[in-house]
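**Q** Sharing a structure, written as structure tokens. Questions coming.
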Amino acid sequence: IRHLSVAKPRILVARELTEDAMAALEKETRVDFIRTGIREVCPKDTMIRYLKESAPISGIILTLTEKVDQEILDAAGPSLKAISTMSVGYEHIPTPLLKERSIRLGYTPDVLTDAVAEIAVGLVLAACRKFRDAEEELRAGKWGAWNPTWMAGMGLTGKTVGIVGLGSCGVEVARRLVPFKVGRFVYQGTRPHADKERTLTPPGATFYSSLDEMLPLCDVLVITCALTPQTQGIINYGRLKLLPKGAVVVNVARGGIVVQPDLVRVVREGHLGGVGLDVMTPEPLPMDDELLRLPGMTLLPHLGSATRETREEMSQITINNAVNGVLGEPMPAELKL
Ligand code: DGY
């Protein structure tokens with residue numbers, strides 16, 4: 050255990066990040082790190098205990114799984130200058146409370162964009178071409194003689210792909226789908242992105258401010274937007290039914306954007322050609338969840354950013370955000386609150 054100096058700012062590391070990042074952290078001399086040593090989710094009461102017993106704490110390093118609330122902020126008290134999350138998503142952080150208390154927030158955008166885009170493309174292909182159902186049939190010994198219609202899915206050539214939220218992930222998903230000869234892209238969000246549209250031309254991308262107008266055009270719908278109060282539950286029963294019959298839905302953003310019981314209902318009605326989800330509600334998905342009993346579902350356990358390279362970069366940025374945050378220096382990636 051490193052000797053704690055009185056003068057150095059202290060950063061609580063609520064749970065361990067990657068091994069390399071933890072080794073790098075040990076070399077940082079400008080701050081003291083208090084490590085819980087936890088490799089799984091850090092329970093709230095443990096975090097509060099550390100915050101109190103190791104006070105004053107200037108910074109907290111955490112991940113998506115550690116939900117921050119008023120009680121945690123109160124336990125940290127006025128010494129808390131920065132929170133650094135190893136995630137691009139920050140719905141587990143009460144940003145208005147941080148703003149009120151002038152606590153800075155570091156996060157990890159950009160470095161995971163390529164990894165998430167890869168997972169999205171994988172899910173589009175898997176859902177369109179029925180990878181999961183087909184493999185299940187094969188493993189169950191149901192692979193009979195060649196058949197003209199068995200496991201026939203939907204090709205991407207000439208199809209319209211709709212992207213909800215043409216942010217950095219959205220545009221990278223679309224770019225990766227261009228070589229599959231997609232007919233055109235449509236996207237919905239708060240504003241058009243002329244610069245990103247240009248990179249998708251040909252085949253071209255068209256902005257829609259209204260989801261209801263865009264959805265009837267989409268053979269494939271890929272959800273990549275952030276979960277905010279404005280996007281919570283926007284993909285509901287009525288909207289899913291606006292998609293053409295046989296459309297494929299992929300979500301790599303957050304489960305809360307889709308009303309999951311509505312998705313289940315629409316799949317049961319046979320309206321969709323396939324679904325690929327990297328995110329769902331809740332996570333982890335309970336083994337008795339209906340999603341697991343539906344055909345045509347490719348489900349991944351939130352692996353969007355899960356490449357070794359990406360997780361290493363995310364860990365490093367998280368540490369640098371925290372250190373710079375408590376030292377009052379510019380963070381590599383700070384969210385404007
Ligand atoms: C994030 O960073 O928000 C991803 O969902 C998990 O890596």
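Going by full-length UniProt numbering, the sequence shown opens with residue 50, and the numbers climb by one from there.
Note that CB positions come from ideal geometry on N, CA and C, so glycine has one too.
1) When you compare only the Cα positions, how much space is there between Y286 and S259?
2) In three-state DSSP terms, what is I50?
3) Pick from M71, P58, M380, P278: whose alpha carbon is nearest that of P145?
4) Determine, using beta carbons only, whether V375 and V62 come nearer to each other than 8 Å.
5) Please work out which residues of its chain come closer than 8 Å, Cβ to Cβ, to K101, disregarding the five sequence neighbours upstream and downstream, and give them in chain order.
6) Quick one: Cα of I50 to Cα of L129, how far?
7) Any beta carbon from chain C within less than 8 Å of I284's own beta carbon?
8) Closest to P251 by C-alpha separation, out of Q237, V227, L334, V269, would be which residue?
9) Hey, out of R64, H141, R178, whose CA is closest to E89's CA?
10) Hey, E361 and T67: beta-carbon distance below 8 Å or not?
11) On the criterion of 16 or more Cβ atoms from any shown chain inside 10 Å, does D261 qualify as buried, or is it exposed?
12) For Q119 and R224, I'd like the C-alpha separation in whole angstroms.
13) Can you tell me whether S217 sits near the ligand DGY, meaning its C-beta is under 7 Å from at least one heavy atom of the ligand?
14) If you draw a straight line from the alpha carbon of K116 to that of L122, how long is it in whole angstroms?
**A** Reading it off the structure:
1) 16 Å
2) Confidence is the limiting factor: at I50 the pLDDT is only 49, short of 50, which leaves the residue's position unreliable and the question unanswerable from this model.
3) P278
4) no
5) A124
6) The predicted position of I50 is uncertain, since its pLDDT is 49 and thus under 50; a value taken from the coordinates is nonetheless stated next. So the two alpha carbons sit approximately 22 Å from each other.
7) No chain C is part of this structure, which consists of one protein chain only.
8) V227
9) R64
10) yes
11) exposed
12) 41 Å
13) no
14) 11 Å
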